[in-house]
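**Q** Questions regarding the structure given below will be posed in turn.
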Amino acid sequence: MEITDERNGTNKMIVIELVEERDYRKLSKSRYWFDWRTEKDYLVYKLRLAESSDILGIMSLIHYEEEKRFAINLLAVSKENRGKQKTYGNIAGNLIAYACREALRLYALEGCVSLVPKTELKEHYIKQYGMLDAGRQLFLEGRPLLNLLKTYDV
Amino acid sequence: MKTEKLHKKYTAKELAGAFVFRNTLTALQTEDAGKQLAEARKKLQKKHTPQDILYAGVLQLRYQIEEYTASTQYHAHLSFAYFLRAYIKLSYKNNKDFARDIHIDETELSQILNGHRDPSEKTLIRIELHSGNLLPALYWFKLLEKEKEYELETDHSLREREEKYVKNRLRFKPLPKKS
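Quick mapping for you: the protein sequence lines, in order, are chains A and B.
Under the numbering used here, the first residue of the first sequence is numbered 130, with each subsequent residue one higher.
Under the numbering used here, the first residue of the second sequence is numbered 30, with each subsequent residue one higher.
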């Protein structure tokens, strides 16, 4: 998996892995927006460059085993990687694609990834990640989920 | 900081590219959202094609092999043969047809699947090609390597048997304790 260095257009290898207890000290609200300690009961993943330990993005997932589904509870990209002036692109997309990988790894084509969008962001999740509209929730499953895995080369 | 501040700083598109915010639905809305999602998934699942089911099945094996070979854990049941059986089962009713398609003898395949014989490099490459390169030969090799690593590390009887062939072994005094 790779993210794009927006300064020169080159791609950088990334690693997505579970957050460790010691990481929570680094996850400040000023850089990662939310209080991530509230997510300790869930599956919390961090994204970093393969060559660095600096966390560039973070996501918490709730696993609903009986529904074969992972719900994205929270996701945030680090401050310097948001908006027009961002250093690296595709961080959120890679994290969402990773959630899809986990769903597929456990449940094959029946695996599902969902999120509850803010109303004003809904159409953008649909456009950017190919999510499907289920009313109050958006989700990825089946062909759209496979497409996202392909887009992010997972 | 409130979310409004983010809205002033970033466009909706940029926010969707950087955040998923916490769900603020009420209990009633959550229940409704669950029903809507279940209904939408049910409809979608009716549209799954056999091609998509097969592709997802192979990709699932790929991710499972990646996960297992990257971990430090060893599980005897997660062998090369286990994954190969699972792969064959995705698109064949019997092993014989698969053996024919990758041009190896049925008996050879049976021995591999029963752990009585290691697959040749040619076989690994043929499985890679058969899977449309989704399951590279290297992945299969890593599974075999993991089994060998475990055997090598835990074969105490082999160590006992080989003891008599080793002379003038290096012996070291214990290092002095740090004061």
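Ideal placement from N, C-alpha and C gives every residue a C-beta, glycine not left out.
These numbers come from a predicted model, not from an experiment.
Taking Asp130/B as the reference, give the member of Arg155/B, Val195/B, Phe201/B, Tyr84/B with the closest Cα.
**A** Out of Arg155/B, Val195/B, Phe201/B, Tyr84/B, Arg155/B has the C-alpha closest to the C-alpha of Asp130/B.
**Q** Taking the alpha carbon of Thr248/A as the point to measure from, which residue in Asn52/B, Lys38/B, Ser208/B has its own alpha carbon closest?
**A** Comparing Cα-Cα distances from Thr248/A to each of Asn52/B, Lys38/B, Ser208/B, the minimum goes to Asn52/B.
**Q** For Val245/A, return the contacting residues in chain B, with the cut-off set at a CB-CB distance below 7 Å.
**A** Simply Asn52, Leu54, Ala62.
**Q** Using 8 Å as the Cβ pair cut-off and three pairs as the minimum, do the stretch 53-70 of chain B and the stretch 132-142 of chain B touch?
**A** The stretch 53-70 of chain B vs the stretch 132-142 of chain B: no contact.
**Q** Against chain B, which members of the stretch 248-276 of chain A pass a CB distance test of less than 7 Å?
**A** Per Cβ criterion, the list reads Glu249, Leu250, His253, Tyr254, Gln257, Leu261, Ala263, Gly264, Arg265, Gln266, Phe268, Glu270, Gly271, Arg272, Leu275.
**Q** Ile191/A and Leu176/A: beta carbons closer than 9 Å?
**A** Contact: no.
**Q** Are Leu267/A and Leu277/A closer than 9 Å when you measure CB to CB?
**A** Contact flag unset, no.
**Q** What is the DSSP secondary structure of Gln266/A, counted as helix, strand or coil?
**A** Three-state DSSP puts Gln266/A in a strand.
**Q** Within the chosen definition, does the stretch 202-212 of chain A reach the stretch 45-60 of chain B through at least 3 CB pairs nearer than 8 Å?
**A** Yes, the stretch 202-212 of chain A touches the stretch 45-60 of chain B.
**Q** Along the chain, where does the alpha helix (DSSP H) that runs through Glu178/B open and close?
**A** Element bounds for Glu178/B: 166-183.
**Q** Contact defined as beta carbons within less than 8 Å: I believe Val173/A pairs with Trp162/A. What is the distance between those atoms, to the nearest angstrom?
**A** Val173/A to Trp162/A, Cβ: 14 Å. No contact.
**Q** Is the stretch 106-118 of chain B touching the stretch 160-174 of chain B in the sense that three or more CB pairs, one from each, lie closer than 8 Å?
**A** A contact exists between the stretch 160-174 of chain B and the stretch 106-118 of chain B.
**Q** Quick check: what's the CA-CA separation for Gln58/B versus Arg211/A?
**A** Cα-Cα distance, rounded: 31 Å.
**Q** For the stretch 204-219 of chain A, which residues have a beta carbon sitting closer than 7 Å to at least one beta carbon of chain B?
**A** Flagged, chain order: Leu204, Ala205, Val206, Arg211, Gly212.
**Q** Report all residues from its chain with a CB closer than 7 Å to the CB of Asn219/A; omit the five preceding and five following residues, and keep chain order.
**A** Ile132, Thr133.
**Q** According to DSSP, simplified to helix, strand and coil, what is Ile131/B?
**A** Coil.
**Q** How would you list, in chain order, the residues of chain B whose beta-carbon sits under 8 Å from the beta-carbon of Ile201/A?
**A** In chain order: Val49.
**Q** Expressed to the nearest angstrom, what Euclidean distance is found between the alpha-carbon atoms of Cys229/A and Lys208/A?
**A** For Cys229/A and Lys208/A, the distance between alpha carbons rounds to 24 Å.
**Q** In chain order, what residues of the same chain have a beta carbon less than 6 Å from the beta carbon of Lys125/B, not counting five sequence neighbours either side?
**A** Closer than 6 Å at Cβ, skipping near neighbours: Glu135.
**Q** Given a threshold of 16 other Cβ atoms within 10 Å of its Cβ, counted over all protein chains shown, does Met142/A qualify as buried or as exposed?
**A** Its Cβ having fewer than 16 others within 10 Å, Met142/A is exposed.
**Q** Any Cβ of chain A within less than 9 Å of the Cβ of Gly161/B?
**A** It does not; no Cβ of chain A falls within 9 Å.
**Q** Keeping to the same chain, check which residues put their C-beta closer than 8 Å to that of Tyr258/A; ignore five residues upstream and five downstream.
**A** Within the same chain, Tyr258/A has close Cβ partners Gly222, Ile225, Leu269, Leu277.
**Q** Exposed or buried, what is Gln214/A when buried is set at 16 or more other beta-carbons lying within 10 Å of its beta-carbon?
**A** Gln214/A comes out exposed.
**Q** Tell me which same chain residues have a C-beta within less than 8 Å of the C-beta of Ala166/B, skipping the five on either side of it?
**A** Correct list, in chain order: Glu150, Leu153, Ile154, Ile156, Glu157.
**Q** Buried or exposed: where does Gly138/A fall if 16 or more other Cβ atoms within 10 Å of its Cβ makes it buried?
**A** Label assigned to Gly138/A: exposed.
**Q** Give a yes or no on whether the C-beta atoms belonging to Lys197/A and Cys241/A are separated by under 9 Å.
**A** Contact flag set, yes.
**Q** Taking any Cβ of chain A, which residues in the stretch 66-82 of chain B have a Cβ under 9 Å from it, in chain order?
**A** Per Cβ criterion, the list reads Leu66, Ala67, Glu68, Ala69, Arg70, Leu73, Gln74, Lys76, His77, Thr78, Asp81, Ile82.
**Q** Could you check which residue in Arg146/B, Lys207/B, Ala45/B has the C-alpha nearest to that of Lys256/A?
**A** Nearest C-alpha to Lys256/A: Ala45/B.
**Q** Which word fits Gly264/A, buried or exposed, when buried means at least 16 other C-beta atoms lie within 10 angstroms of its C-beta?
**A** Exposed is the call here.
**Q** Lys64/B to Tyr103/B, Cα distance in whole Å?
**A** One C-alpha to the other measures close to 40 Å.
**Q** Interface residues of chain B around Leu233/A at Cβ under 7 Å?
**A** The answer, in chain order, is Ala85, Leu88, Gln89, Tyr92.
**Q** So Leu233/A packs on Gln89/B, CB below 8 Å; how close in whole Å?
**A** With 8 Å as the limit, Leu233/A and Gln89/B qualify as a contact, their Cβ atoms being about 6 Å apart.
**Q** Hey, how far is the Cα of Leu164/B from the Cα of Phe112/B?
**A** Roughly 11 Å separates the two Cα atoms.
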